[in-house]
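*Asks:* I have a structure here, written as structure tokens, and I will follow up with some questions on it.
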Amino acid sequence: MCGITGWISWKRPLTSEWQTIEKMVSTLGKRGPDAFGIKAMHHALFGHTRLTVIDPAGGAQPMNIKTAAGEYTLIYNGELYNTDELRNELKKRGHSFISRSDTEVVLRAYIEWREECPVHFNGIFAFAVWDHKREECFGARDRLGVKPFFYAEKEGELIFGSELKAILAHPHQRALITREGLQELLSIGPARKPGSGVFKGINELRPAHAFKYTRTGLKKWRYWNVKSENHTHNEEETAVYLRELFEDTVSRQLVSDKPICTFLSGGVDSSAISAAAVAHLNEKLHTCSISYEENDLHYKPDQFKPSDDGPWISQMSAHLSTVHHDKVISQSELAERLKDAVRAHDLPGMADIDSSLLWFCEQVKKDFTVALSGECADEIFGGYPWFQREELLMREGFPWITSVQERETLLQPEWRGKLLLADSMIEQSRMIRAETPEFDGEDELTQKRREMAYLNMTSFMTTLLDRKDRMSMAAGLEVRVPFADHRIVEYAWNIPWEMKQLGGREKGILRKALEGLLPDEVLYRKKSPYPKTYHPAYTAAVKHMLSEALSKSQSVLPELFERANLEELIQTDGASFKVPWFGQLMKGPQLIAYLVQLDAWFDMYGVKFDV
1 MCGITGWISW
11 KRPLTSEWQT
21 IEKMVSTLGK
31 RGPDAFGIKA
41 MHHALFGHTR
51 LTVIDPAGGA
61 QPMNIKTAAG
71 EYTLIYNGEL
81 YNTDELRNEL
91 KKRGHSFISR
101 SDTEVVLRAY
111 IEWREECPVH
121 FNGIFAFAVW
131 DHKREECFGA
141 RDRLGVKPFF
151 YAEKEGELIF
161 GSELKAILAH
171 PHQRALITRE
181 GLQELLSIGP
191 ARKPGSGVFK
201 GINELRPAHA
211 FKYTRTGLKK
221 WRYWNVKSEN
231 HTHNEEETAV
241 YLRELFEDTV
251 SRQLVSDKPI
261 CTFLSGGVDS
271 SAISAAAVAH
281 LNEKLHTCSI
291 SYEENDLHYK
301 PDQFKPSDDG
311 PWISQMSAHL
321 STVHHDKVIS
331 QSELAERLKD
341 AVRAHDLPGM
351 ADIDSSLLWF
361 CEQVKKDFTV
371 ALSGECADEI
381 FGGYPWFQRE
391 ELLMREGFPW
401 ITSVQERETL
411 LQPEWRGKLL
421 LADSMIEQSR
431 MIRAETPEFD
441 GEDELTQKRR
451 EMAYLNMTSF
461 MTTLLDRKDR
471 MSMAAGLEVR
481 VPFADHRIVE
491 YAWNIPWEMK
501 QLGGREKGIL
511 RKALEGLLPD
521 EVLYRKKSPY
531 PKTYHPAYTA
541 AVKHMLSEAL
551 SKSQSVLPEL
561 FERANLEELI
571 QTDGASFKVP
581 WFGQLMKGPQ
591 LIAYLVQLDA
601 WFDMYGVKFD
611 V
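Laid out in structure tokens, this is it:
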């Protein structure tokens with residue numbers, strides 16, 4: 001994977017603005033530690049940092065191609081999984097290739113199909129192409145939003161980048177947050193609204209969208225969406241087809257010139273990816289997992305985390321004969337890396353879920369360049385409680401945010417009146433739900449499940465993918481997510497709920513599809529989310545960090561929140577906040593850690609209010 005950034009201006013030539021683009025590119029060095037490139041054109045500057053995975057010599061960027069019709073320059077962050085098929089098709093159409101890289105395939109696909117090129121891609125990507133003759137920029141982002149693309153457009157200029165920090169490095173962009181940005185941050189954070197960059201004037205190109213930037217301005221459009229239609233396969237046919245799709249996806253995503261591994265939690269999704277990888281590799285598979293120092297002494301089962309992952313990981317590693325690497329993070333490291341995770345994300349994130357993932361990816365990177373991970377299966381196959389419980393399906397808002405009233409009670413009275421967090425959260429969910437592709441003749445409950453699936457795909461899933469990209473790329477590690485293959489998502493979208501819930505089990509049809517690939521006890525293990533710490537030493541550490549933040553005269557926290565409420569959080573180890581801040585895990589010390597991240601974000605980015 002890589003980092004991309006650019007600056008287009010119709011107001012003046014940019015060929016002398018090397019210092020600015022160099023500064024923007026330098027912010028993305030961790031995304032691409034292996035190479036650095038810049039190309040200056042009259043009205044455009046492109047910058048690129050490269051993490052080399054395939055064809056070190058042939059995939060250098062920015063990539064430039066001249067043809068009889070014109071000249072084109074590409075910067076690209078991603079990985080295509082149908083590179084060979086596309087290359088063969090383009091050869092038939094008269095194109096010749098000088099490399100094995102997917103970068104050249106992307107650029108020649110654009111030359112051949114212009115704005116239609118993204119529909120030909122199977123992969124994860126964000127890219128921009130400059131057409132020298134026409135003086136216009138085309139760009140696109142992958143269908144599910146695995147790879148990021150942020151931009152700011154104003155007064156005849158477009159600034160863009162893989163991460164917010166690249167745009168903030170431009171002298172024309174300030175770290176301002178408006179009332180709407182603050183509403184978003186505090187009502188649905190650490191999620192974001194589709195298309196939002198939180199900072200004033202910064203947006204995100206939404207997943208499955210493309211754009212063209214010309215002298216007449218910026219035009220954006222959606223090139224893909226799921227389609228609601230009748231599912232024609234029976235139970236057996238569905239399971240067989242899903243199995244074929246899944247195994248084909250994993251085999252495609254194992255292509256790499258660099259060392260590759262899988263993340264293994266002992267759950268169904270990561271175990272299935274690891275098992276499929278073993279079947280397609282000609283060498284021993286390496287698997288990696290994370291655990292927490294002395295967590296076995298403090299772990300307590302609950303409805304969200306019914307069993308510890310350790311024994312299941314050991315069982316799967318032994319079953320598959322993998323070379324396993326268990327990474328154990330200390331409680332002090334977990335707390336200390338909270339602020340590093342903010343720098344990686346450019347925003348407050350999922351607290352120690354982020355900091356542990358950042359540390360884990362750094363450890364994995366010591367031996368590997370590419371990893372496969374199990375995100376997205378629960379979102380597309382209905383693995384969460386909010387798919388199964390009718391009262392959650394019928395309730396407005398985001399079902400993974402049950403804390404909006406409690407969030408409001410933390411605020412200073414003045415901010416409660418200004419921000420109206422509950423109203424903001426409801427309105428944001430309504431806007432997303434209204435986009436859901438409908439299917440005539442469905443009953444209300446089925447329609448609500450479609451809404452919930454769409455809400456998950458465009459909000460909850462993108463939050464997890466966003467987190468995975470920032471934490472992994474901050475470590476220079478490429479993480480691929482097989483369950484985000486758009487073919488699987490398209491197919492799963494129309495599978496009837498009774499089939500998804502086959503046998504009364506969450507993800508029942510997926511489990512049936514994977515029969516024979518995993519031991520039954522793993523295949524039918526109850527869902528268990530990403531692990532977290534239960535250690536009192538971590539709680540003590542984040543309480544101390546929050547107390548220190550509150551003692552600073554310049555801290556934003558007392559300005560936003562009532563000090564007495566924050567002090568009560570510290571005194572009660574977070575228990576005074578009765579529900580998770582976000583999802584199922586961000587409660588107690590995780591909420592305290594989130595507030596530490598919020599304070600650190602305002603401080604390290606110099607964020608100012610523009611309300």
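Heads up: the sequence shown runs through residues 1 to 611, numbered per UniProt numbering. Just so you know, even glycine gets a beta-carbon here, dropped at the ideal spot from N, CA and C. Bear in mind that the values here come from a model prediction, so they are computed numbers and not experimental data.
1) Determine the extent of the alpha helix (DSSP H) in which residue 80 is found, giving its start and end residues.
2) Could you tell me the distance, in whole angstroms, from the CA atom of residue 646 to the CA atom of residue 232?
3) Please identify the residue among 168, 64, 215 whose C-alpha is closest to the C-alpha of residue 12.
4) Check residue 208 in the structure and name its three-state DSSP category.
5) Given that a residue counts as buried once 16 or more other Cβ atoms are within 10 Å of its Cβ, and exposed if not, what is residue 203?
6) At what residue ranges does the segment 366-419 contain a whole run of the alpha helix (DSSP H), taking only runs of 4 or more?
7) Alpha carbon to alpha carbon, how far is residue 572 from residue 479? Give it in angstroms, no decimals.
8) Which first and last residues belong to the alpha helix (DSSP H) in which residue 22 is found?
9) Taking 7 Å as the limit between beta carbons, can you name the residues of its chain near residue 473, skipping five residues before and five after?
10) List the endpoints of the continuous beta strand (DSSP E) containing residue 326.
11) Could you check whether the segment 89-108 touches the segment 271-289, counting it as contact only if at least three pairs of C-beta atoms, one from each stretch, sit closer than 8 Å?
12) Leaving out five residues on either side along the sequence, give the residues of the same chain with a beta carbon under 8 Å from the beta carbon of residue 525.
13) Thinking just about the alpha-carbon of each residue, which of 78, 581, 100, 248 is nearest to the one in residue 88?
14) Out of 452, 499, 533, which one is the CA nearest neighbour of residue 333?
15) Helix, strand or coil: which one does DSSP assign to residue 8?
16) Go ahead and label residue 421 buried or exposed: buried means 16 or more other beta carbons lie within 10 angstroms of its beta carbon, across all protein chains shown.
17) Considering only the beta carbon of each residue, do residue 537 and residue 388 sit closer than 8 Å?
18) Leaving out five residues on either side along the sequence, give the residues of the same chain with a beta carbon under 6 Å from the beta carbon of residue 37.
19) Can you tell me the Cα-Cα spacing of residue 55 and residue 76, whole angstroms?
20) Which class does residue 344 belong to by DSSP, given the choice of helix, strand or coil?
21) Excluding the 5 residues flanking residue 500 on each side, which residues of the same chain have their C-beta closer than 6 Å to its C-beta?
22) Exposed or buried, what is residue 97 when buried is set at 16 or more other beta-carbons lying within 10 Å of its beta-carbon?
23) Could you say which of 516, 589, 459, 314 lies nearest to residue 535 if we only look at CA atoms?
24) In angstroms, rounded to a whole number, what distance separates the CA positions of residue 609 and residue 408?
25) Work out the CA separation of residue 386 and residue 450 for me, nearest whole Å.
26) Cα separation between residue 6 and residue 239?
27) Could you pull out every residue in the same chain whose Cβ sits closer than 8 Å to the Cβ of residue 457, ignoring the five residues on either side in sequence?
28) Quick test of the definition: if touching needs 3 or more C-beta pairs under 8 Å, does the segment 341-349 touch the segment 430-437?
29) Give me the DSSP bridge partner(s) of residue 471.
30) Considering only residues of the same chain and omitting the five flanking positions on each side of residue 67, which have a CB-CB separation below 8 Å?
31) May I have the straight-line CA-CA distance separating residue 668 from residue 185, to the nearest angstrom?
32) Using C-beta distances below 7 Å, list every residue in its chain close to residue 192, excluding the 5 sequence neighbours before and after it, in chain order.
33) Determine whether the beta carbon atoms of residue 342 and residue 581 lie at a separation below 8 Å.
34) With a CB to CB cut of under 8 Å and the five nearest residues on each side skipped, what residues in its chain are close to residue 559?
35) Using a Cβ-Cβ cutoff of less than 6 Å, which residues in the same chain neighbour residue 44 once the five nearest sequence positions on both sides are dropped?
36) Below 7 Å CB to CB, which residues in the same chain sit around residue 294 once its five sequence neighbours on both sides are set aside?
*Replies:* Put simply:
1) Taking the sequence shown and counting its residues from 1, the one referred to as residue 80 is at position 80. Careful: residue 80 lies outside any alpha helix (DSSP H), inside the beta strand (DSSP E) at 71-80.
2) In the structure as shown, the chain begins at 1 and stops at 611. Residue 646 is therefore absent and cannot be evaluated.
3) As a first step, residue 12 is located in the sequence shown; it is residue number 12 there, counting from the start. Of the candidates 168, 64, 215, the one whose C-alpha sits nearest the C-alpha of residue 12 is 215.
4) Counting from 1 along the sequence shown, the entry for residue 208 is found at position 208. Three-state DSSP puts residue 208 in coil, outside helix and strand.
5) Residue 203 sits at position 203 when you count from the first residue of the sequence shown. It counts as buried.
6) Fully enclosed alpha helix (DSSP H) runs of no fewer than 4 residues occupy 377-381, 385-388, 390-394, 404-410, 413-419 of the segment 366-419, in order along the chain.
7) The residue labelled residue 479 in the question sits at position 479 within the sequence shown. The residue labelled residue 572 in the question sits at position 572 within the sequence shown. For residue 479 and residue 572, the distance between alpha carbons rounds to 38 Å.
8) By one-based count along the sequence shown, residue 22 stands at place 22. Residue 22 -> alpha helix (DSSP H) spans 18-26.
9) Residue numbering aside, residue 473 sits at position 473 when the sequence shown is read from its first letter. Hits under 7 Å: 1, 30, 31.
10) Working through the sequence shown from its first residue, we reach residue 326 at position 326. Unbroken beta strand (DSSP E) run through residue 326: 323-329.
11) no
12) Working through the sequence shown from its first residue, we reach residue 525 at position 525. Closer than 8 Å at Cβ, skipping near neighbours: 266, 267, 268, 307, 312.
13) Looking up residue 88 in the sequence shown gives position 88. Nearest of 78, 581, 100, 248 to residue 88, Cα basis: 100.
14) Numbered from 1 along the sequence shown, position 333 holds the residue referred to as residue 333. If we check each option's Cα against that of residue 333, 533 comes out closest.
15) Locating residue 8 in the sequence shown gives position 8, where the first residue counts as 1. Here residue 8 sits in strand by DSSP.
16) Within the sequence shown, the letter at position 421 stands for residue 421. Buried is the call here.
17) Numbered from 1 along the sequence shown, position 537 holds the residue referred to as residue 537. Numbered from 1 along the sequence shown, position 388 holds the residue referred to as residue 388. Not closer than 8 Å, so no.
18) Taking the sequence shown and counting its residues from 1, the one referred to as residue 37 is at position 37. Hits under 6 Å: 48, 61, 62.
19) Here the question's residue 55 lines up with position 55 in the sequence shown. Here the question's residue 76 lines up with position 76 in the sequence shown. About 15 Å.
20) Counting from one through the sequence shown, the residue named residue 344 turns up at place 344. In the structure shown, residue 344 sits in a helix (DSSP, three-state: H, G or I).
21) Numbered from 1 along the sequence shown, position 500 holds the residue referred to as residue 500. Within the same chain, 381, 382, 509 come within 6 Å of residue 500 by CB-CB distance, once the 5 residues on both sides are set aside.
22) Taking the first residue of the sequence shown as 1, we reach residue 97 at position 97. Under this definition residue 97 is an exposed residue.
23) Counted from its first residue, the sequence shown places residue 535 at position 535. Measuring from the Cα of residue 535, the nearest candidate turns out to be 589.
24) Looking up residue 609 in the sequence shown gives position 609. Looking up residue 408 in the sequence shown gives position 408. One C-alpha to the other measures close to 19 Å.
25) Locating residue 450 in the sequence shown gives position 450, where the first residue counts as 1. Locating residue 386 in the sequence shown gives position 386, where the first residue counts as 1. Rounded to whole angstroms, residue 450 to residue 386 spans 12 Å at the Cα level.
26) Sequence index remark: in the sequence shown, residue 6 carries index 6 (1-based). Sequence index remark: in the sequence shown, residue 239 carries index 239 (1-based). Residue 6 and residue 239: Cα-Cα distance of roughly 45 Å.
27) Translated into the one-based positions of the sequence shown, residue 457 becomes position 457. Taken in chain order, the residues that qualify are 144, 226, 379, 380, 489.
28) Counting C-beta pairs with one atom in each stretch, the segment 341-349 and the segment 430-437 have fewer than three that are closer than 8 Å, which means they do not touch.
29) For the purposes of this step, residue 471 is taken as residue 471 along the sequence shown, with counting starting at 1. Per DSSP, none; premise fails for residue 471.
30) The count along the sequence shown starts at 1 and reaches residue 67 at position 67. Counting only Cβ-Cβ distances below 8 Å, and skipping sequence neighbours, we find 111.
31) Only positions 1 to 611 of the chain appear in the structure, and residue 668 is not among them; the question remains open.
32) Position 192 of the sequence shown, counted from the first residue, corresponds to residue 192. Excluding sequence neighbours, residue 192 sits near 184, 198.
33) In the sequence shown, residue 342 corresponds to position 342, counting from 1. In the sequence shown, residue 581 corresponds to position 581, counting from 1. Cβ atoms of residue 342 and residue 581: not closer than 8 Å.
34) By 1-based counting over the sequence shown, the position of residue 559 is 559. Same-chain partners within the cutoff: 412.
35) Reading the sequence shown from its first residue, position 44 is the one you call residue 44. The residues are 8, 130.
36) Position 294 of the sequence shown, counted from the first residue, corresponds to residue 294. Cβ neighbours of residue 294 beyond the five flanking positions: 535.
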